[in-house]
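In the UniProt record's numbering, the protein residues as written are 1 to 702.
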C-alpha cells in the first residue's frame with residue numbers, strides 16, 4: 001500500500017502552499033514521522049543547473065514543522081536539470097533518480113508528502129504529463145489542485161473535470177480535487193456543479209480567495225526591490241493589500257489611503273513621508289503597511305532624526321529605481337509564503353482546516369499507523385482538544401506584550417474564549433501597536449479597578465476568608481489585584497480557567513487559587529507537571545514548580561496525579577520515581593522516601609506501571625534500564641518522571657530544555673478544583689499559547 005500522497009496542480013500560482021502546509025500539519029498530528037519530497041524544484045539556478053539559492057517553499061516546510069530532513073534530501077532535480085533530461089529523451093534516468101530519492105525518504109518515515117512541480121518555465125502540457133508519470137511511478141494517490149483566479153464558473157468547472165479525466169486516462173488515482181482561490185460569489189455554484197459530476201469517491205474541497213494570502217509582505221517587497229531598510233524591521237511582516245504613488249499634495253494623498261497600503265514616493269518628499277507616518281498613528285486613518293522611497297534619495301538628516309523619535313515606525317525602504325519603475329515592479333510581485341512569515345503560515349493552515357474535510361481525508365489516507373506521540377502530534381492534539389469544546393480562559397496580565405500576542409493568536413485560531421484583565425483602552429492600543437489588533441467584540445476586557453463585579457467579588461472573598469482575618473476592606477483591596485480578581489472569575493464560574501505568571505511570581509499567581517478555589521476532594525497537595533517535547537517523544541516531568549520537599553505520601557500523590565495528566569493528554573503513563581540509585585542498590589533518607597512513595601503508588605493504583613527508585617538514565621535509556629532493572633516494564637521506557645524534590649526537578653527540566661532544545665510546555669498545576677496555571681516570568685509567546693491550550697483541556701473535565 002502507498003505511503004505517500006502526491007500534490008499536483010495544472011497551472012502556476014494555484015496556491016499550492018496552502019495544501020502542502022495544511023496537509024503536513026494534519027499528518028504530523030497523526031503519524032510519528034512525516035517526510036517531505038519535492039522531486040523537481042524551480043529556484044534560481046547556476047549554468048550547471050545546481051540551485052543558486054535554496055527553494056524558499058521547501059525551507060518554509062522544513063523550518064516551520066522542524067522536519068529533521070536535510071534540505072539537499074528533499075528534491076532530486078532543479079527544473080533546469082529535469083528539462084535537459086526530458087529534451088534529450090532521458091525520461092527513464094529522471095524517473096529512476098526520483099524513485100531512488102523517494103525510497104530513501106520513504107524508508108525513514110511513516111508517510112511522505114510529495115509535492116509536484118510549480119509550472120514555471122516549462123510547457124504546461126509537458127509539465128502536467130510529467131507529474132502524472134511521477135505520481136504513477138511512485139504509486140501515490142493524487143490531491144489535484146486547481147486555481148479559480150480569473151475564471152468564470154464554466155471555465156473552472158470545465159478545466160477541473162478535464163484535468164481529472166486526464167489523470168484517469170493516465171492511470172492516476174485522484175484522491176481529492178481541491179479548487180483554490182475561487183471567488184466567494186462562485187462557491188455555491190461550483191460546489192453544486194462539480195458534486196453532481198464527480199464520483200463520490202473523490203473528496204471535493206473548494207477554498208475561497210484569501211486577500212491576506214494574496215498580499216505580499218513588506219519583506220517580500222524588500223526582497224524583490226533589493227531595498228535598504230531604514231526603519232521598521234520588527235514590522236516587516238506587514239501585509240501589503242494596496243499600493244499608491246505619493247506624488248500629489250498632502251490633502252489629496254491622504255484621501256487615497258486604504259488599509260494596509262504601501263506608499264511609493266521619491267525619497268525627497270518629506271511631506272508625504274511624514275504625513276504617511278502621522279496617518280498611520282491616527283485613529284482616523286487606515287493602517288499603513290510601509291513606504292518605499294524611490295530614486296535613491298535618502299531623506300535629510302533632520303527628517304531621519306524626527307522619524308527616529310516616533311513611538312511606532314512602519315517599514316521604510318530606500319530603493320534606487322525611480323517611482324515609475326519601482327511601482328511597476330511592485331505590481332508584478334507574486335506573494336509567496338516564506339519561512340519567516342509565521343502569520344501567513346498559520347493562516348494557510350487555518351484555511352486548509354476550514355475548507356478541507358480532514359476526517360474524510362485521513363480516512364482515505366489510512367495506509368499508515370502512528371507509532372507513538374511525537375512533539376508535533378502532541379501540539380496538534382492540544383489544539384484539536386481545546387477546539388473540541390471551547391472554554392473561557394482569563395489572562396490577568398493584559399499589560400504584557402507577550403500575553404497580547406498569544407491572545408491574538410488564540411483568537412485568530414478560534415480555539416478558546418478569552419477574558420483579559422487591564423484597562424481596555426490601553427490593552428487595545430497596545431495590541432494595535434504590536435500589529436495584532438484585538439476585536440473588542442471577540443474578547444472580554446475587564447478592568448478590576450472599575451468593574452461592577454468588584455463589590456460582589458470582595459463580599460464573596462470576605463465570606464470565604466473571614467475566618468483567616470480577612471475583613472471586607474481587606475477583601476476590597478485584594479480584589480484590585482489581577483491574580484485575585486482572575487481567580488474569583490474562575491471560582492464564580494465566569495471563566496473556566498486562568499493562566500498567569502508572565503509578570504508575577506508563582507506564589508502570587510497560585511495563592512488565591514489555594515485560598516478559595518482549593519483542591520479536589522481526596523487531593524491533599526497541589527503539584528505541577530511539564531510536558532517536555534523532546535526530539536523523539538513527549539515526556540511528563542513532575543513536580544518541577546510547586547513543592548520544595550514533598551513527603552513520601554505527597555510524592556505518591558504527585559505521581560498518581562501526573563500519571564492521570566499524562567493519560568489525559570494521550571501519553572500512556574509509565575512512571576519512574578527518580579532517585580540517585582536504582583532498585584535496592586542505595587540506602588539513605590532520600591532514597592528511602594522514594595522507595596516508600598513507590599510502594600504507596602502500587603498500593604493505591606495497582607493499575608499503573610511504576611518503577612522506583614530509579615536513576616534518570618535507567619528510566620529513559622533502554623539499554624541502561626534493562627541492565628540495571630532487567631525485566632522492568634518502565635526502565636528505559638518511562639514517560640512520566642517524578643523528581644524527589646523541587647531542587648532536582650526544576651534544575652533537571654531546565655537542563656534538559658537547554659541542552660536538547662526541547663520545548664517545555666507548562667507548568668500545568670494538578671489537584672485544584674478548577675484549572676489555574678502558572679507561567680515562568682521568562683516565558684515566550686509560544687509558552688503562553690500552549691499553556692492556555694492545556695488549561696482549556698483541563699477545564700473540559702471540571
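For each residue, glycine too, the CB sits at the ideal point set by N, CA and C.
- Using a Cβ distance threshold of 7 Å, residue 317 and residue 222 count as a contacting pair.
- If you compare the alpha carbons of 249, 289, 275 with that of residue 235, the shortest gap goes to 289.
- Its chain contains 153 as the residues whose beta carbon lies nearer than 8 Å to that of residue 189, once the 5 sequence neighbours on both sides are disregarded; these appear in chain order.
- In the displayed model, residue 474 falls within a helix according to three-state DSSP.
- Annotated as proximal: residue 286 and residue 258, with beta-carbon spacing under 7 Å.
- If the five residues before and after residue 462 are omitted, its C-beta is found closer than 7 Å to the C-beta atoms of 470, 471, 472, 475, all from its own chain and listed in chain order.
- Residue 702 is classed as exposed because its beta carbon has fewer than 16 other beta carbons within 10 Å across all chains shown.
- Residue 459 carries a helical assignment under DSSP once its states are collapsed to helix, strand and coil.
- Boundaries of the beta strand (DSSP E) around residue 531: 527–533.
- With a cutoff of 7 Å on beta-carbon distance, residue 642 and residue 542 are scored as near each other.
- Each of 37, 664, 85, 558 was checked against the Cα of residue 685, and the nearest Cα belongs to 664.
- Taking a cut-off of 8 Å for Cβ pairs, the segment 314–330 and the segment 196–203 do not touch, as fewer than three such pairs fall below it.
- Per DSSP, the continuous beta strand (DSSP E) segment holding residue 142 begins and ends at 142–147.
- In the structure shown, residue 106 falls within a helical segment according to DSSP collapsed to helix, strand and coil.
- Under DSSP, the beta-bridge partners assigned to residue 266 are 294.
- In terms of CA proximity to residue 526, 510 leads the group 539, 510, 533, 538.
- Between residue 334 and residue 13, the CB-CB gap stays under 7 Å.
- The three-state reading of DSSP puts residue 589 in helix, counting H, G and I together.
- Of all C-beta pairs linking the segment 584–591 to the segment 552–565, fewer than three are shorter than 8 Å, placing the two stretches out of contact.
- Residue 653 counts as buried, since no fewer than 16 other beta carbons sit within 10 angstroms of its beta carbon.
- Secondary structure of residue 236 (DSSP, three-state): coil.
- The shortest CA-to-CA distance from residue 436 to any of 458, 401, 450, 151 is the one to 401.
- Bounds of any beta strand (DSSP E) do not take in residue 480, whose DSSP letter is neither H nor E.
- DSSP places residue 691 in the uninterrupted alpha helix (DSSP H) bounded by 685–699.
- Secondary-structure assignment with DSSP links residue 678 through a beta bridge to 500.
- The beta carbon of residue 523 sits closer than 6 Å to the beta carbons of 671 from its chain, once the five residues preceding and following it are set aside; these are given in chain order.
- Rounded to the nearest whole angstrom, the C-alpha separation of residue 640 and residue 646 is 16 Å.
- The three-state secondary structure of residue 180, taken from DSSP, is strand.
- The DSSP-derived three-state label of residue 702 is coil.
- With fewer than 16 other Cβ atoms from the protein chains shown falling within 10 Å of its own Cβ, residue 71 counts as exposed.
- Here residue 348 is buried. Its C-beta has 16 or more other C-beta atoms within 10 Å.
- Rounded to whole angstroms, the separation of the alpha carbons of residue 445 and residue 399 is 12 Å.
- Assigned with DSSP and collapsed to three states, residue 572 falls in coil, not helix or strand.
- The straight-line gap separating the alpha-carbon atoms of residue 622 and residue 415 is approximately 38 Å.
- By the beta-carbon neighbour count (other beta carbons within 10 angstroms, threshold 16), residue 595 is buried.
- Cβ neighbours of residue 315 within its own chain (closer than 6 Å, five residues either side excluded): 218, 232, 235, 236, 290.
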